[in-house]
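Heads up, the thing below is written out as structure tokens.
Protein chains in written order, with my numbering: chain V, -18 to 222; chain L, 22 to 95.
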């Protein structure tokens, strides 16, 4: 796993987080929360664009042709595989996973790689409001199951204690390794991560997850533009073919 | 004076949102949000009123505004 692989995982996860946020733009508990979901969705989709744009300057773009046909080639956490059906899933993702991604971005900004230092800094300002939103809703109390799952997947995203993420930290390219990243979000959320068992032997270092599976067909089609073609008028379909 | 908002929950209160585009401008009222705490109110204010390039934005609990008089009372 290279730094480019990590950035691509971050980009794919930000893209999926943004899409899942946006799906709640008319379903949140209040109009303000609707607007916040839409705004955070736009932020994270924008962040994913910036992160994808970092791949070329990093020297090795890991995206291959399989991304056009295999949903499992999208490197998102399992938490984003399916649309969320409960508000508590939104809150757990907002409070735990969004904060975990921000910690990783902080680690990139604080590391020695110039393109990441410069391009990712602005994201941290925008993420401050995502954090306030997530933490406040979290404090209001949510169901335990999505919260536990979000913590589990956040820790999986950080990677094993002695893996490649730690190596990037030791080399100075990241300012935090898995242990520091975990401590960072625990400090921010003022709580300890729950005891979870992670089977690192089945952990996929590219997708940064232990679970099998992939994003749902409709979302994958939408990412590839196929959904757009489905709704195009017949004349446009003929012109495109 | 109390805000009568009960829409989000019994504890939700109204916050006034102020902003300005340039340092030489005074802060002016751009709207309001309803939230149960200041953290969420900040997140909502930023999400709702962020279309313009404000150089400063602030929120104040509506209950904390001391009014000398209101419309119809002067």
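Just so you know, even glycine gets a beta-carbon here, dropped at the ideal spot from N, CA and C.
*asked:* Against chain V, does residue 64/L count as a neighbour if the rule is that its beta carbon must be under 8 Å from one of theirs?
replied: Within the second chain, the letter at position 43 stands for residue 64/L. Cβ-Cβ to chain V under 8 Å: yes for residue 64/L.
_Tell me which residues share the same chain as residue 177/V and place their Cβ nearer than 8 Å to its Cβ, disregarding the 5 neighbours each side in the sequence._
For this step, residue 177/V is matched to residue 196 along the first chain. Around residue 177/V: 129, 132, 133 and 136.
*Whole-number beta carbon distance between residue -11/V and residue 44/V, since they are thought to touch under 8 Å*: For the purposes of this step, residue 44/V is taken as the residue at position 63 of the first chain. For the purposes of this step, residue -11/V is taken as the residue at position 8 of the first chain. With 8 Å as the limit, residue 44/V and residue -11/V qualify as a contact, their Cβ atoms being about 7 Å apart.
_Cutoff 7 Å; reference residue 2/V; Cβ partners in own chain excluding five residues on either side_ = Position 21 of the first chain, counted from the first residue, corresponds to residue 2/V. Taken in chain order, the residues that qualify are 18, 21, 22 and 25.
*Under 7 Å from the C-beta of residue 116/V: neighbouring residues of chain L*: To locate residue 116/V, count along the first chain from 1; it is residue 135. Near residue 116/V (Cβ distances below 7 Å), the residues of chain L are 60.
*With 16 other CB atoms within 10 Å as the buried threshold, where does residue 111/V fall?*
Here residue 111/V refers to the residue found at position 130 when the first chain is read from its first residue. It is buried - the Cβ of residue 111/V has at least 16 other Cβ atoms within 10 Å.
*Rounded to a whole number of angstroms, what is the C-alpha to C-alpha distance between residue 64/L and residue 114/V?*
One-based indexing of the second chain puts residue 64/L at position 43. One-based indexing of the first chain puts residue 114/V at position 133. Those two C-alpha atoms are separated by around 6 Å.
*Tell me, please, which residues DSSP counts as bridged to residue 78/L.*
Taking the second chain and counting its residues from 1, one reaches residue 78/L at position 57. Note: residue 78/L sits in a beta bridge opposite 40/L.
_Bounding residues of the beta strand (DSSP E) (the contiguous stretch that carries residue 52/L)_ = The sequence position of residue 52/L within the second chain is 31, counting from 1. Residues 49 to 56.
_So the candidates are 214/V, -1/V and 81/V; which of them puts its Cα closest to the Cα of residue 169/V?_
Translated into the one-based positions of the first chain, residue 169/V becomes position 188. Of the listed residues, the one whose Cα sits closest to residue 169/V is 81/V.
*Around the C-beta of residue 157/V, are 16 or more other C-beta atoms found within 10 angstroms, so that it is buried, or is it exposed?*
Residue mapping note: residue 157/V aligns to position 176 of the first chain, counting from 1. It counts as buried.
_chain L within 8 Å of residue 69/V, Cβ atoms only_ = As a first step, residue 69/V must be located in the first chain, where it is residue number 88. Not closer than 8 Å to any Cβ of chain L, the Cβ of residue 69/V fails to qualify, so no.
*asked:* Comparing C-alpha positions only, which one of 53/L, 76/L, 93/L and 47/L sits nearest to residue 83/L?
replied: In the second chain, counting from the first residue as 1, residue 83/L sits at position 62. Residue nearest to residue 83/L within the set 53/L, 76/L, 93/L and 47/L is 53/L (criterion: CA-CA distance).
*residue 90/V by DSSP, collapsed to three states: which one?*
The sequence position of residue 90/V within the first chain is 109, counting from 1. Three-state DSSP puts residue 90/V in a helix.
*Under 8 Å between the Cβ atoms of residue -16/V and residue 39/V?*
On the first chain, residue -16/V is found 3 positions in, with the first residue counted as 1. On the first chain, residue 39/V is found 58 positions in, with the first residue counted as 1. Contact flag set, yes.
*Give me the Cα-Cα distance between residue 46/V and residue 62/V, rounded to the nearest whole angstrom.*
Stepping through the first chain from its first residue, residue 46/V is reached at position 65. Stepping through the first chain from its first residue, residue 62/V is reached at position 81. Going by the C-alpha atoms only, they are around 20 Å apart.
*Identify each residue in the segment 63 to 83 of chain L for which the Cβ-Cβ distance to at least one residue of chain V is less than 8 Å, and report them in chain order.*
63, 64, 65, 67, 68, 69 and 71
_Counting C-beta neighbours from all protein chains within 10 Å, is the total for residue -1/V 16 or more, i.e. buried, or is it exposed?_
For this step, residue -1/V is matched to residue 18 along the first chain. With a 10 Å radius around the Cβ and a threshold of 16 neighbouring Cβ atoms, residue -1/V comes out buried.
*Please decide whether residue 51/L counts as near chain V, where near means a Cβ-Cβ distance under 8 Å.*
If you number the second chain from 1, residue 51/L lands on position 30. False, the Cβ-Cβ gap to chain V never drops below 8 Å.
*Grab me the residues of residue 166/V's own chain with a C-beta within less than 6 Å of its C-beta, minus the 5 sequence neighbours each way, in chain order.*
Locating residue 166/V in the first chain gives position 185, counting from the first residue. Correct list, in chain order: 80, 81 and 84.
*Distance, residue 100/V Cα to residue 148/V Cα*: Translated into the one-based positions of the first chain, residue 148/V becomes position 167. Translated into the one-based positions of the first chain, residue 100/V becomes position 119. Distance between the alpha carbons of residue 148/V and residue 100/V is about 23 Å.
*Hey, does residue 55/L have any beta-carbon neighbour from chain V nearer than 8 Å?*
Residue numbering aside, residue 55/L sits at position 34 when the second chain is read from its first letter. With 8 Å as the cut-off, residue 55/L counts as an interface residue toward chain V.
*Considering residue 69/V, what are the terminal residues of the alpha helix (DSSP H) in which it resides?*
In the first chain, counting from the first residue as 1, residue 69/V sits at position 88. In the DSSP assignment, residue 69/V falls within the unbroken alpha helix (DSSP H) covering 68 to 73.
*In chain order, which alpha helix (DSSP H) runs of at least 4 residues are fully inside the segment 148 to 202 of chain V?*
159 to 170
*Would you be able to state if there are at least three C-beta pairs under 8 Å between the segment 139 to 148 of chain V and the segment 191 to 198 of chain V?*
no
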